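Participant:
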Amino acid sequence: MDDQLMEQVDSEISAAPADNQGEMSMITQKSSRGYVPWNDEMDKVLLDTFVEYFNKGDRCQNGWKPHVYTAAVKNVREKCNVNITKSNIDSRSKTFDKHYHVISGLLSTSGFGWDWEKNKLKVDSDSVWDDYVERNKDAKGYRHKIVKFWDLLSVVYNKDQANGEAARTAAESSKEMAREIGTSKDPAGSTSTTTSSLKRQRSDDSFNSLWSEKLDMLTAILKDDAPKLPSSVEVLAALQEIEGLDEDTELELYDILTENARKFESMMALPVERRKRWLMKQLRK
C-alpha cells in the first residue's frame, strides 16, 4: 500500500506546473537521504495540514489519501524552508500515531492526567506508574516525555473518529454507548457489552475530559482578560465631566455604563469632547 501511495504522490509531483518542477525535484532528491530532524514548527505545520484534511474526510483505515501527502510535503517545505519527502511525512505520522496510542491508553486509566502547560503526563504516584508499565511495556519512556500539540494529535489519531467527525461531542459519545449497551442484552436479560466497547468508552471519556479541561483553562484566561465592571462612583464621576447632559439622560447613561464594562472602557478611551456624541448614539441603539 505504501509503495502504491508513493507512486501516486510521485505522479502528482511530476504533474506539477513547470515553474514548480525545480522545487519538487529537490524534494524527490532528498528521499534517499534518510532521517530528517523534526522541530516544533514542522510538527505544527504538519499537524495543521492533517487536521484540515481529516475534517474533509481524507483519512481512511489504511491511512491518508495520496493528495494529503502531497499537500503535507508542500506545506512543510514552504513554511519551514526544509526539504522533505513523503517517506519523512509517513514516518513522522507513525510516530504521532504511537504517541497517541500510548498516551490515550494511559489517560484512559485511573491515576493519570495531562498537564497542558508542561505538555506531559501527570501521574498520581510511583506505584500507579510501575503497575501500568509492568503491563504495558511500550509506555516505559513516556512518564517524563514532552509531547506537544496533544490537542491536534487527539483529533487526528483518535481511531473512533476516523470518519472525519472531529467535532463529535461528549453527549453524542454517551448516547452511542447507551445504544450499544441497550441493544446488546441477551434473552436472559444480561448484557454482553464487549471489552472493546468499554475500552472505547473510556477513551472517549478521557478525550472529552481533556477537551473540557482545556476549555475551562481558555474560559479562565478570557475571564481574566475581560474588563472589570466600573464602580458606581467611577461612572458618575465620568458622566459629570461631560457638559450638556440633563438629569434624565445622565441617569439612563448611568444604568448602561454600570452594567457594561466594555462600553465604559470605550467611552473613557475617547477624548472628553467626543464622549457626549458617542453616548447619544448608545441611547439610540
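Everything in the sequence shown is counted per the UniProt record's numbering, starting at 1 for the first residue and increasing by one. Beta carbons: idealized from backbone N, C-alpha and C, even for Gly. This one's a predicted model, so the numbers in the text were calculated from it and none came from an experiment.
Mark Val45 as exposed unless 16 or more other C-beta atoms lie within 10 angstroms of its C-beta, in which case mark it buried.
Facilitator: Along the sequence shown, read from residue 1 onward, the residue named residue 45 stands at position 45. Buried, because 16 or more other Cβ atoms sit within 10 Å of the Cβ of Val45.
Participant: With which residues is Gly63 paired in a DSSP beta bridge?
Facilitator: Position 63 of the sequence shown, counting from 1, holds the residue named residue 63. In DSSP, Gly63 forms a bridge with Cys60.
Participant: Are there 16 or more other CB atoms within 10 angstroms of the CB of Leu251, so buried, or fewer, so exposed?
Facilitator: Position 251 of the sequence shown, counted from the start, is the residue given in the question as residue 251. It counts as exposed.
Participant: At which residues does the alpha helix (DSSP H) containing Lys120 begin and terminate?
Facilitator: Taking the first residue of the sequence shown as position 1, residue 120 is located at position 120. First-last for Lys120: 120 to 123, but that is the beta strand (DSSP E), not the alpha helix (DSSP H).
Participant: Measure the C-alpha to C-alpha separation of Glu134 and Tyr35 and round it to an integer number of angstroms.
Facilitator: The residue given as residue 134 occupies position 134 in the sequence shown. The residue given as residue 35 occupies position 35 in the sequence shown. Going by the C-alpha atoms only, they are around 32 Å apart.
Participant: Could you give the distance in angstroms between the alpha-carbon of Arg77 and the alpha-carbon of His144?
Facilitator: By one-based count along the sequence shown, residue 77 stands at place 77. By one-based count along the sequence shown, residue 144 stands at place 144. If you take the alpha carbons of Arg77 and His144, they lie about 31 Å apart.
Participant: Roughly how many angstroms separate the alpha carbons of Ser93 and Lys285, rounded to a whole number?
Facilitator: For this step, residue 93 is matched to residue 93 along the sequence shown. For this step, residue 285 is matched to residue 285 along the sequence shown. Cα to Cα, the separation comes out at about 53 Å.
Participant: Between the Cα of Ser127 and the Cα atoms of Trp150, Gly111, Asp138, which residue gives the shortest distance?
Facilitator: On the sequence shown, residue 127 is found 127 positions in, with the first residue counted as 1. Looking at the Cα atoms, Gly111 is the closest of the given residues.
Participant: Whole angstroms is fine: what's the gap from Ser231's alpha carbon to Arg274's?
Facilitator: Taking the first residue of the sequence shown as position 1, residue 231 is located at position 231. Taking the first residue of the sequence shown as position 1, residue 274 is located at position 274. Their backbone Cα atoms lie some 22 Å apart in a straight line.
Participant: Of the choices Thr70, Asp124, Asn62, whose alpha-carbon is the least far from that of Leu107?
Facilitator: Along the sequence shown, one-based indexing puts residue 107 at 107. Ranking the options by Cα distance to Leu107, first place goes to Asp124.
Participant: Looking only at its own chain, which residues have a Cβ that is under 8 Å from the Cβ of Leu47, when we skip the five neighbours before and after it?
Facilitator: In the sequence shown, residue 47 corresponds to position 47, counting from 1. These residues qualify, in order along the chain: Phe96, Phe149, Leu152, Leu153, Val156.
Participant: Using 10 angstroms around the beta-carbon of Pro37, count the other beta-carbons present and answer buried if the total reaches 16, otherwise exposed.
Facilitator: Position 37 of the sequence shown holds residue 37. That one is exposed.
Participant: Would DSSP call Asp115 helix, strand or coil?
Facilitator: Indexing the sequence shown from 1 puts residue 115 at position 115. Looking at Asp115 - three-state DSSP - the assignment turns out to be strand.
Participant: Take Met267 and list the residues in its own chain whose beta-carbon comes closer than 8 Å to its own, dropping the five residues that flank it on each side.
Facilitator: Position 267 of the sequence shown, counting from 1, holds the residue named residue 267. Closer than 8 Å at the Cβ level, and outside the excluded window around Met267, lie Ala238, Leu257, Arg275, Trp278, Leu279.
Participant: Which residues bound the alpha helix (DSSP H) around Asn88?
Facilitator: Your numbering for residue 88 matches position 88 in the sequence shown. It spans 86 to 107 - the alpha helix (DSSP H) in which Asn88 sits, taken as one unbroken run.
Participant: Assuming Ala269 and Lys228 are in contact, meaning their beta carbons sit under 8 Å apart, how far apart are those beta carbons, in whole angstroms?
Facilitator: What you label residue 269 is simply residue 269 of the sequence shown in a count that begins at 1. What you label residue 228 is simply residue 228 of the sequence shown in a count that begins at 1. Contact flag wrong, Cβ pair sits at about 15 Å.
Participant: Between which two residues does the alpha helix (DSSP H) containing Val51 stretch?
Facilitator: Sequence index remark: in the sequence shown, residue 51 carries index 51 (1-based). Residues 40 to 54.
Participant: To the nearest angstrom, how far is the alpha carbon of Asn158 from that of Asn62?
Facilitator: As a position in the sequence shown, residue 158 is number 158, starting the count at 1. As a position in the sequence shown, residue 62 is number 62, starting the count at 1. When rounded, the distance between both Cα atoms is 14 Å.
Participant: Kindly indicate which residue of Asn88, Trp116, Leu121, Glu117 has the alpha-carbon position closest to the one of Thr109.
Facilitator: Here the question's residue 109 lines up with position 109 in the sequence shown. That would be Leu121, whose Cα lies nearest to the Cα of Thr109.
Participant: Give the DSSP-derived three-state secondary structure of Ile256 in the structure shown.
Facilitator: Sequence index remark: in the sequence shown, residue 256 carries index 256 (1-based). In the structure shown, Ile256 sits in a helix (DSSP, three-state: H, G or I).
Participant: Work out the CA separation of Tyr254 and Asp246 for me, nearest whole Å.
Facilitator: What you label residue 246 is simply residue 246 of the sequence shown in a count that begins at 1. What you label residue 254 is simply residue 254 of the sequence shown in a count that begins at 1. Going from the Cα of Asp246 to the Cα of Tyr254 covers about 12 Å.
Participant: Going by DSSP in three states, Tyr35 sits in which element: helix, strand or coil?
Facilitator: To locate residue 35, count along the sequence shown from 1; it is residue 35. Note: Tyr35 maps to coil in three-state DSSP.
Participant: Which same chain residues, not among the five before or five after Asp138, have their C-beta less than 7 Å away from its C-beta?
Facilitator: Taking the sequence shown and counting its residues from 1, the one referred to as residue 138 is at position 138. Excluding sequence neighbours, Asp138 sits near Val102.
Participant: Where do the ends of the alpha helix (DSSP H) carrying Arg284 lie?
Facilitator: For the purposes of this step, residue 284 is identified with residue 284 of the sequence shown, where counting begins at 1. Its alpha helix (DSSP H) spans residues 272 to 284.
Participant: Helix or strand or just coil, what does DSSP make of Gly244?
Facilitator: Here residue 244 is taken as the residue at index 244 of the sequence shown, counted from 1. Coil.
Participant: Alpha carbons only, please: which of Lys86, Val235, His99 is nearest the one belonging to Lys140?
Facilitator: Your numbering for residue 140 matches position 140 in the sequence shown. Taking only the C-alpha atoms, the option nearest Lys140 is His99.
Participant: Output the distance between the C-alpha atoms of Glu172 and Glu117, rounded to the nearest integer angstrom.
Facilitator: Indexing the sequence shown from 1 puts residue 172 at position 172. Indexing the sequence shown from 1 puts residue 117 at position 117. With a pLDDT of 45 at Glu172, under the threshold of 50, the predicted position of this residue should be treated as unreliable, though the coordinate-derived value follows. Looking at the two C-alpha atoms, the distance is approximately 28 Å.
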